[in-house]
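Residue numbers (my numbering): 1 to 301.
Glycine residues also receive a C-beta, built at the ideal position from the N, C-alpha and C atoms.
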């Protein structure tokens, strides 16, 4: 099986050679998974998510949405009052990376991460286009929205945030909703921006999965997240965090404007970016190297 092969390979790589006896140079063990192993791991994670009971799937989706609002709030708080653009983008991205780190490490179900994991499962095991997959995808999306609003509501009830926070949040919302002024062209601009955003988040998942220690996982998460936040690329799950706070604290935009002029085209783009530019691309590129056990019954102990 793939896991046994990988373990043998890792053991071989971690063996140290004796320079005094045979003249060879000591070679430390590799500290990350190779790409084919990462794609295989994506598929296994997708299978594991899909096989969970529905109540677990939905609860983990709510949890992921909650973390998105925490990340949105932290991104605003860290960048408040910063005038240097580079530092502003860096701090804002670091703030949001906290939300993604909580998602990745906790195993929560985030719609945009599922756009990477499930296709990796499907591309490596044909004939799985069943209703339960669409049900899972829908529950992840709805759960993320509910989780985002739950945290936004609790924060509003707590009255913890000051007026400067809401002034800064308004600027974030304007950046997200600027495409609304471009009409049909703006709708497609958001879709393309969504492709880029989930391409980057797919690579965040890629780098996080590659790392073998907690520090590496945090770094792997941070770099692509900082980039997508700085570039104002439209990521539906991230925007749920910002929009949930915006709907409850401001009447500048209506709820349906957030949905029809941002979330819908961004979500379509996110599906394309994660499913095609990450899952399909790497699954096809490393097809000969992937020794997947997906779909095979687990050996009984």
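Residue j beta carbon less than 8 Å from that of residue i
i, j, result
"residue 71", "residue 241", "yes"
"residue 61", "residue 202", "no"
"residue 221", "residue 208", "yes"
"residue 283", "residue 111", "no"
"residue 170", "residue 252", "yes"
"residue 97", "residue 225", "yes"
"residue 134", "residue 249", "no"
"residue 158", "residue 46", "no"
"residue 190", "residue 156", "no"
"residue 217", "residue 38", "no"
"residue 57", "residue 149", "no"
Spatial distance of residue i from residue j (CA atoms)
i, j, result
"residue 27", "residue 34", "Note that residue 27 has pLDDT 49, beneath the 50 cutoff, so the model's placement of it is unreliable and the number below is only indicative. Roughly 17 Å between the two C-alpha positions."
"residue 350", "residue 143", "Outside the modelled stretch of the chain, which goes from 1 to 301, sits residue 350, for which no answer is possible."
"residue 21", "residue 228", "Only weak support is given to the placement of residue 21: the predicted model assigns it a pLDDT of 46, under 50, and the value that follows is read from those uncertain coordinates. Roughly 51 Å between the two C-alpha positions."
"residue 80", "residue 88", "8 Å"
"residue 264", "residue 232", "16 Å"
"residue 254", "residue 67", "23 Å"
"residue 290", "residue 145", "35 Å"
"residue 272", "residue 116", "10 Å"
"residue 132", "residue 107", "20 Å"
"residue 65", "residue 187", "24 Å"
"residue 306", "residue 286", "Since the first residue shown for the chain is 1 and the last is 301, residue 306 is missing from the structure and cannot be characterised."
"residue 161", "residue 59", "27 Å"
"residue 93", "residue 55", "32 Å"
"residue 359", "residue 49", "Residue 359 is absent from the structure shown; the chain starts at 1 and stops at 301."
"residue 288", "residue 200", "25 Å"
"residue 281", "residue 197", "16 Å"
"residue 139", "residue 118", "14 Å"
"residue 182", "residue 247", "22 Å"
"residue 152", "residue 243", "9 Å"
"residue 223", "residue 184", "32 Å"
"residue 205", "residue 42", "9 Å"
"residue 83", "residue 90", "12 Å"
"residue 36", "residue 279", "11 Å"
"residue 177", "residue 269", "16 Å"
"residue 99", "residue 277", "23 Å"
"residue 69", "residue 275", "24 Å"
"residue 103", "residue 109", "7 Å"
Paired residues, beta bridge with residue i - DSSP
i, result
"residue 211", "32"
Residue range of the unbroken alpha helix (DSSP H) whose run includes residue i
i, result
"residue 173", "163–177"
"residue 89", "85–106"
"residue 265", "264–274"
"residue 115", "111–123"
"residue 239", "236–249"
"residue 261", "Residue 261 -> no alpha helix (DSSP H), and no H or E assigned at all."
"residue 68", "54–79"
"residue 284", "281–285"
Closest by C-alpha distance to residue i, when choosing among the options
i, options, result
"residue 173", "76, 119 and 138", "76"
"residue 31", "56, 212 and 50", "212"
"residue 331", "84, 114 and 63", "No information on residue 331 is available, as it lies outside the stretch 1 to 301 that the chain covers here."
"residue 74", "176, 275, 245 and 223", "245"
"residue 258", "270, 223 and 180", "180"
"residue 239", "82, 141, 204 and 84", "141"
"residue 267", "230, 275 and 194", "194"
"residue 122", "63, 99 and 40", "40"
"residue 164", "154, 78 and 86", "78"
"residue 230", "175, 168 and 219", "175"
Cβ-heavy atom distance, residue i to the ligand ADP, below 7 Å
i, result
"residue 212", "This structure lacks the ligand ADP, and indeed carries no ligand of any kind."
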